[in-house]
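As structure tokens, the structure follows; a few thoughts come after it.
Number of protein chains: 2
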Amino acid sequence: MTPQRPTATLAKHLQTDLFRALCDPTRAEVLRRLAGARRPQTVTEIAHCCGVHISGVSRHLAVLRRAGVVHAVREGRQVRYQLDCENVARTLRGLADAL
Amino acid sequence: MTPQRPTATLAKHLQTDLFRALCDPTRAEVLRRLAGARRPQTVTEIAHCCGVHISGVSRHLAVLRRAGVVHAVREGRQVRYQLDCENVARTLRGLADAL
DNA sequence: TCATTACTTGCATGTTTGCGCAAACGTGCT
DNA sequence: AGCACGTTTGCGCAAACATGCAAGTAATGA
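Protein sequences appear in the order of chains Z and L.
Each residue of the first sequence is one higher than the one before, starting from 130 at the first, in the numbering used here.
Each residue of the second sequence is one higher than the one before, starting from 130 at the first, in the numbering used here.
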């Protein structure tokens, strides 16, 4: 590891992709649901709590998945989504430290 | 302090306002500039580095200021903007811990 | 007071984003 | 194969957003 100047470190950690994923109220609602549930949730289950059509929830979950916030596991016909706490927390701490 | 269940803690820390401010590439560019400079920057100085009209930069800075990411100090005719690292880092760590 | 500089704000415009609906896709069951 | 169920995706629409220009405000100096 070569030591980096603070600016370079910050630039590396200041990626907008994650924030783009977290900036929507509905997606925040989804995340709260996932965090509060004791097991991975299906799209339909999530759609029940936030007043949005299932197709919309599916899209939101795709955004979160691409950003590495959640990951999906197929289970028969349904897909269960789960928070990737480790990954998100690591990124946030990285940025906090860079500041 | 009353102990809180993880969900409640997360709900409190999962505010979209901050992420909304951080999710724009131009604003990220502005923040990099502010972090790299050794003293608070004027709107004109910031506008030079990111290829956006001064009025746009001014707007972006207003968004960042409302979100508590930067704060402004008037200095004669110019306004110097500075990162509020403490505040942002505290919020990010709070969320990371809640996860 | 008038001119100049630095920043902010109203307005118009093009782009992005979230949304519901309907069709398509994938999976399991008979 | 045919069907039902759960999820994803194409499409169109309306609201939100970023941007440049021009007008407005604030501060400094002649």
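C-beta: ideal position from N, C-alpha, C; glycine also.
Keep in mind the model is a prediction, meaning the values are calculated, not measured.
Rounded straight-line distance, which links the Cα of residue j to that of residue i
i, j, result
"LEU160/Z", "CYS214/Z", "10 Å"
"GLN211/Z", "ARG188/Z", "15 Å"
"THR138/L", "SER184/L", "38 Å"
"GLY223/L", "VAL181/L", "33 Å"
"LEU228/L", "ALA164/Z", "8 Å"
"VAL202/L", "ARG209/Z", "49 Å"
"LEU143/Z", "LYS141/L", "23 Å"
"PRO154/L", "HIS177/L", "15 Å"
"LEU221/Z", "GLN170/L", "26 Å"
"ARG219/Z", "ASP226/L", "10 Å"
Distance CB(residue i)-CB(residue j) smaller than 8 Å
i, j, result
"VAL172/L", "LEU190/L", "yes"
"GLU158/Z", "CYS179/Z", "yes"
"LEU193/Z", "ARG167/Z", "no"
Closer than 7 Å: residue i CB and nearest the ligand GTP heavy atom
i, result
"PHE148/Z", "Among the components modelled here there is no ligand, and therefore nothing to report on the ligand GTP."
Interface partners of residue i on chain Z, CB under 7 Å
i, result
"LEU224/L", "LEU221"
Under 8 Å by beta carbon: chain Z residues contacting residue i
i, result
"VAL217/L", "ALA225, LEU228"
"CYS271/L", "Outside the displayed span of chain L (130 to 228) sits residue 271/L, for which this structure offers no information."
Residue i, buried or exposed, once every other Cβ within 10 Å from all chains shown has been counted against 16
i, result
"MET130/L", "Because MET130/L sits at a pLDDT of 47, beneath the cut-off of 50, its placement in the model cannot be relied upon, and the following sentence gives the value as read from the coordinates. Exposed."
"ILE175/Z", "buried"
"ARG206/L", "exposed"
"VAL186/Z", "buried"
Contact set between residue i and chain Z, taken where Cβ atoms lie within less than 9 Å
i, result
"THR145/L", "LEU151, CYS152, ASP153, PRO154, ARG156, ALA157"
Chain-ordered neighbours of residue i on chain L, where CB pairs are closer than 9 Å
i, result
"LEU139/Z", "LEU160, ARG161, ALA164, GLY165"
Counting pairs of beta carbons, one from the stretch 196-204 of chain L and one from the stretch 147-154 of chain L, are three or more of them closer than 8 Å? As far as the Cβ criterion goes, the stretch 196-204 of chain L touches the stretch 147-154 of chain L, which means the pair count is three or higher.
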